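All remarks here apply to the structure that follows.
Okay, here's the thing in structure tokens:
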């Protein structure tokens, strides 16, 4: 039996951060009901990649990846009657998640105080870019802008180059995972005491939580670490090195002096292994340019796979910079059972990424593909809320269920 | 029960090095769980990373270590020795969770064997944060944070940029793969605690950090299964502006991808003639002609102040963001109004500012209750407790404090 079986979540989230939170709850077996509307579909339903190149609300790989295992209720929250349905849903839910801009749920009549009246022990989390309080709480927050806002960009980049992004809207999943933990902690508290509560989460703050070294340095010295590419203060070499072929790269780290010795021997550079000046971290830091050139001279003649096999056989941390095809075709990840291929009514069987952890005693799995928009409207209204068919038809005729 | 902590009563033994296990346990500790951290005699590697006050390396004042290990007690035990394993065994007999990031190849040797430990305490949940999982053929591969960032597919997505394709894929600052492993482990661990309420027994949780990294590839991974395409860090973005600009006093990130936002930005820039050009008509053409547009915008941006532009843009609902420096964050009026940063008095390091509560639970506070332990600070205290039959600070078990449970 899945850990959260019997727990139901009213999921008002959208884009990436919020749905990534509720994805974790779905992984653990909660019944997650996404409240969506074709009047204002989730941004990720409107973005590629499209299955087989054809656009469509149910055909986006972005949506279908991060909404696996969830249900979908079509409800136009702008319709006055929708608030009643939404509150009925919350009455039957343990948890409410939302990541609209601050204040939107209140304006819809679905703020925490209103929801508490229908479900006194409800746990509600509001995830926003800036949090529910503070002078900038109503500022607009987009995932890509959260990375520079958080401070991560001013610390990330090549030495002497401008600040850089990190490649994805990193604050979104980082906020989503913190949110899932907070919700579960609140649920734990409810199980002990019967009390629900409200959780205020700011994506800005959860992203600062993962750069503590830089915050502490500034608090003590008024400085911050310089952008330094892929280098590390305690590991030399430590970097991403060119391999043979077009844009093929391998990551290598020598975590201590002994690993450096193994690396130098493995790349056939006994001269470097025997050089006492390079035997210590301090010495290699001095000679870091030369050490990196020596490594790249060797890697650039070889494929990432060959480099990795040779170095791993010598006990050196190394791995190719995988692209999406490398991941999709990786035998190890297949043996780990990481991938999910379920029949989706519109896109068929496509490869998706699954759950990155395993529970030995209560196995978790993705039991259904991402929902079509409104796929479970009738199920939710009839089986969860107990509406009869005339009620459902009336709401449908009024245009509430779209 | 005002001020009861959400995770009060949960007992955790941590054998963590660097970030992953330690941050997972910090999330529990800051919400009230009791954590005893077991370190080898040479200490957790995070003690070596710093930063250090006055740049003087000292295992008891590393900034990274302090952040990750406040609220925990620390004991020293050499798990490669029988006496160390005996201490570990005694601690986990009354624990709910054992959380570690010892690689699979060394787990048995250090006594972190779930079968054996669970015989003494069937309610124990062991959480193993591993580089590559424990099933596949690469389970014993060596790894570091950077190596896992590459193995999960994220390194390939960042770095270089138009005209500089020779630069390698680029890691983000810090130990981010480890943080992702930590967050997933914490969620899965709490999941296993809920499962224990149904099953009555614990279980073994195995986290693969490679898979945690692959789980956050945003929309890029699915390009391959859905369209046969491979997302890369190279080439132009499909829509613009989404880029960095240098102002007169720092950097700003211009995120301006909706038409109404662009119109507002054009107005803010004073309606320059070039904004009317056909080649900048919509976000797709702005991306196709980004080299030209970026130069034109940069000229205007260079005259602006970051903070003024940020607020002026936000008043027009343009999601601009400053490229915050640490100083910007520590002096942000918004973050201070929210009371975000936490200050702890750390012996040997003095007053230290740390990232604070990542979430605010209205009834159950996030709290820093004690500084990070000196190496071995609580060894004697914990051994003494064990000798008296209980190493944990309160002898009340979870069951006894439970109220009205399902």
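Residue numbers (our numbering), protein chains in the order written: chain S, 0 to 401; chain X, 547 to 952.
Here a beta-carbon is modelled for each residue, glycine too, at the ideal position from N, C-alpha and C.
Since the model is a prediction, treat every value here as computed from it, not as a measurement.
Quiz prompt | C-beta atoms of residue 704 of chain X and residue 170 of chain S nearer than 9 Å | solution = Sequence index remark: in the second chain, residue 704 of chain X carries index 158 (1-based). Sequence index remark: in the first chain, residue 170 of chain S carries index 171 (1-based). No.
Self-check item: 9 Å Cβ cutoff met for residue 870 of chain X and residue 147 of chain S
Solution: Along the second chain, read from residue 1 onward, the residue named residue 870 of chain X stands at position 324. Along the first chain, read from residue 1 onward, the residue named residue 147 of chain S stands at position 148. A contact, by the Cβ cut-off of 9 Å.
Quiz item: Whose Cβ in chain S lies nearer than 9 Å to the Cβ of residue 785 of chain X?
Solution: Residue 785 of chain X sits at position 239 when you count from the first residue of the second chain. In chain S, no part has a C-beta under 9 Å from the C-beta of residue 785 of chain X; the shortest such distance is about 10 Å.
Self-check item: Proximity below 9 Å, CB of residue 27 of chain S to CB of residue 176 of chain S
Solution: Stepping through the first chain from its first residue, residue 27 of chain S is reached at position 28. Stepping through the first chain from its first residue, residue 176 of chain S is reached at position 177. When the beta-carbon positions are compared, residue 27 of chain S and residue 176 of chain S stay at least 9 Å from each other.
Quiz prompt | Cβ contact check for the stretch 332 to 340 of chain S and the stretch 352 to 372 of chain S: 3 or more pairs under 8 Å | solution = Yes, the stretch 332 to 340 of chain S touches the stretch 352 to 372 of chain S.
Quiz prompt | Where residue 603 of chain X falls: helix, strand or coil (DSSP) | solution = Numbered from its first residue, the second chain carries residue 603 of chain X at position 57. Residue state, collapsed to three classes: coil.
Quiz item: Quick one, are the C-beta atoms of residue 128 of chain S and residue 202 of chain S less than 9 Å apart?
Solution: As a first step, residue 128 of chain S must be located in the first chain, where it is residue number 129. As a first step, residue 202 of chain S must be located in the first chain, where it is residue number 203. Yes, these two residues count as a Cβ contact at 9 Å.
Exercise. Check the DSSP bridge columns for residue 54 of chain S and list the partner residues they point to.
Key: Here residue 54 of chain S corresponds to residue number 55 of the first chain, with the count starting at 1. DSSP, once it has assigned bridges, lists no residue as partnering residue 54 of chain S.
Quiz prompt | Between the CA atoms of residue 553 of chain X and residue 575 of chain X - distance to the nearest angstrom | solution = For the purposes of this step, residue 575 of chain X is identified with residue 29 of the second chain, where counting begins at 1. For the purposes of this step, residue 553 of chain X is identified with residue 7 of the second chain, where counting begins at 1. Taken atom to atom, the span from the alpha-carbon of residue 575 of chain X to that of residue 553 of chain X is near 8 Å.
Quiz item: So what does residue 239 of chain S bridge to, in DSSP terms?
Solution: To locate residue 239 of chain S, count along the first chain from 1; it is residue 240. Its beta-bridge partners are S:250.
Self-check item: Neighbourhood of residue 64 of chain S by C-beta distance below 8 Å, restricted to the same chain and skipping five residues each side
Solution: Working through the first chain from its first residue, we reach residue 64 of chain S at position 65. Closer than 8 Å at the Cβ level, and outside the excluded window around residue 64 of chain S, lie 351, 352 and 369.
Quiz prompt | Cβ shell of residue 377 of chain S (< 8 Å), same chain only, five flanking positions each side left out | solution = If you number the first chain from 1, residue 377 of chain S lands on position 378. Excluding residues within five positions, the ones whose Cβ falls inside 8 Å are 391.
Practice problem: Give me the Cα-Cα distance between residue 265 of chain S and residue 278 of chain S, rounded to the nearest whole angstrom. | Solution: Along the first chain, read from residue 1 onward, the residue named residue 265 of chain S stands at position 266. Along the first chain, read from residue 1 onward, the residue named residue 278 of chain S stands at position 279. Computed Cα separation, rounded: 16 Å.
Quiz item: DSSP on residue 1 of chain S, reduced to helix/strand/coil?
Solution: Residue mapping note: residue 1 of chain S aligns to position 2 of the first chain, counting from 1. Residue 1 of chain S sits in coil when the DSSP states are folded into three classes, being neither helix nor strand.
Quiz item: Do residue 654 of chain X and residue 139 of chain S have their C-beta atoms closer together than 9 Å?
Solution: Taking the first residue of the second chain as 1, we reach residue 654 of chain X at position 108. Taking the first residue of the first chain as 1, we reach residue 139 of chain S at position 140. No, the Cβ-Cβ distance between residue 654 of chain X and residue 139 of chain S is not below 9 Å.
Quiz item: Would a C-beta distance cut-off of 9 Å place residue 122 of chain S and residue 196 of chain S closer than the cut-off?
Solution: Reading the first chain from its first residue, position 123 is the one you call residue 122 of chain S. Reading the first chain from its first residue, position 197 is the one you call residue 196 of chain S. Taking C-beta atoms as the reference points, residue 122 of chain S and residue 196 of chain S count as a pair closer than 9 Å.
Quiz prompt | Per-residue burial, residue 841 of chain X [other beta carbons within 10 Å of its own, 16 or more giving buried] | solution = Within the second chain, numbered from 1, the residue matching residue 841 of chain X stands at position 295. Classification of residue 841 of chain X: exposed, given that the 10 Å Cβ count is below 16.
Practice problem: Answer with buried or exposed for residue 588 of chain X, where buried requires no fewer than 16 other C-beta atoms within 10 angstroms of its C-beta. | Solution: By one-based count along the second chain, residue 588 of chain X stands at place 42. By the 10 Å Cβ count, residue 588 of chain X comes out exposed.
Exercise. Leaving aside the five residues before and after residue 666 of chain X along the sequence, list all residues of the same chain whose C-beta is less than 6 Å from its C-beta, in chain order.
Key: On the second chain, residue 666 of chain X is found 120 positions in, with the first residue counted as 1. Closer than 6 Å at Cβ, skipping near neighbours: 639.
Quiz item: With distances taken between CB atoms, is the gap from residue 168 of chain S to residue 797 of chain X smaller than 9 Å?
Solution: If you number the first chain from 1, residue 168 of chain S lands on position 169. If you number the second chain from 1, residue 797 of chain X lands on position 251. Using a Cβ distance threshold of 9 Å, residue 168 of chain S and residue 797 of chain X do not count as a contacting pair.
Quiz item: Contact between the stretch 752 to 772 of chain X and the stretch 590 to 602 of chain X: three or more CB pairs below 8 Å?
Solution: Cβ pair count under 8 Å is below three, so no.
Practice problem: Measure how close the beta-carbons of residue 769 of chain X and residue 48 of chain S come, nearest whole angstrom, since I'm counting them as under 8 Å. | Solution: Along the second chain, one-based indexing puts residue 769 of chain X at 223. Along the first chain, one-based indexing puts residue 48 of chain S at 49. Correct: roughly 4 Å between the Cβ atoms.
Quiz item: Near residue 745 of chain X, which residues of its chain fall below 7 Å by C-beta distance, leaving aside the five closest residues on each side in sequence?
Solution: Position 199 of the second chain, counted from the first residue, corresponds to residue 745 of chain X. Counting only Cβ-Cβ distances below 7 Å, and skipping sequence neighbours, we find nothing.
Exercise. Return the residue from the list X:730, X:557 and X:816 that minimises the CA-CA distance to residue 647 of chain X.
Key: On the second chain, position 101 is the one that residue 647 of chain X refers to. Nearest to residue 647 of chain X by C-alpha distance, out of X:730, X:557 and X:816, is X:730.
Quiz item: When Cβ atoms are compared, which residues of the stretch 210 to 225 of chain S fall closer than 9 Å to chain X?
Solution: Those residues of the stretch 210 to 225 of chain S that come within reach of chain X (Cβ to Cβ, closer than 9 Å) are 210, 211, 212, 213, 214, 215, 216, 217, 218, 219, 220, 221, 222, 223 and 224.
Quiz prompt | the stretch 235 to 251 of chain S / the stretch 299 to 313 of chain S touching (three or more Cβ pairs under 8 Å) | solution = Cβ pair count under 8 Å is three or more, so yes.
Exercise. Give a yes or no on whether the C-beta atoms belonging to residue 607 of chain X and residue 699 of chain X are separated by under 9 Å.
Key: Working through the second chain from its first residue, we reach residue 607 of chain X at position 61. Working through the second chain from its first residue, we reach residue 699 of chain X at position 153. No. Outside cutoff.
Quiz item: In angstroms, rounded to a whole number, what distance separates the CA positions of residue 951 of chain X and residue 193 of chain S?
Solution: Residue 951 of chain X sits at position 405 when you count from the first residue of the second chain. Residue 193 of chain S sits at position 194 when you count from the first residue of the first chain. Confidence at residue 951 of chain X is low in this model, with a pLDDT of 29, below 50, so its placement is unreliable and no value can be given for it.
Quiz item: Hey, is the stretch 554 to 569 of chain X in contact with the stretch 614 to 630 of chain X, meaning 3+ C-beta pairs nearer than 8 Å?
Solution: Touching, yes.
Quiz item: chain X beta carbons: is any one of them nearer than 9 Å to that of residue 13 of chain S?
Solution: Position 14 of the first chain, counted from the start, is the residue given in the question as residue 13 of chain S. So no, residue 13 of chain S is outside the interface.
Exercise. Excluding the 5 residues preceding and the 5 following residue 742 of chain X in the sequence, name in chain order all residues of the same chain whose CB lies nearer than 7 Å to its CB.
Key: The residue you call residue 742 of chain X lines up with position 196 of the second chain. 669, 671 and 748, listed in sequence order.
Exercise. Can you tell me which of X:712, X:721 and X:601 puts its alpha carbon nearest to the alpha carbon of residue 614 of chain X?
Key: Stepping through the second chain from its first residue, residue 614 of chain X is reached at position 68. Considering only alpha carbons, the answer is X:721.
Quiz prompt | Alpha-carbon to alpha-carbon, residue 137 of chain S and residue 712 of chain X | solution = Taking the second chain and counting its residues from 1, the one referred to as residue 712 of chain X is at position 166. Taking the first chain and counting its residues from 1, the one referred to as residue 137 of chain S is at position 138. A straight line joining the alpha-carbon of residue 712 of chain X with that of residue 137 of chain S spans about 41 Å.
Practice problem: Below 9 Å between beta carbons is the criterion; list the residues of the stretch 229 to 247 of chain S that meet it against any residue of chain X, in chain order. | Solution: Cβ contacts with chain X: 229, 231, 232, 233, 234, 237, 238, 239, 240, 241 and 246.
Quiz item: In whole angstroms, what separates the C-alpha of residue 346 of chain S from that of residue 5 of chain S?
Solution: By one-based count along the first chain, residue 346 of chain S stands at place 347. By one-based count along the first chain, residue 5 of chain S stands at place 6. A direct Cα-Cα distance of roughly 30 Å separates residue 346 of chain S from residue 5 of chain S.
Quiz item: When you check each C-beta in the stretch 741 to 758 of chain X against every C-beta of chain S, which residues fall closer than 9 Å?
Solution: Residues are counted here when their Cβ sits less than 9 Å from a Cβ of chain S; for the stretch 741 to 758 of chain X these are 741, 742, 743, 744, 745, 747, 748, 749, 750, 751, 752, 753, 754, 755, 756, 757 and 758, given in chain order.
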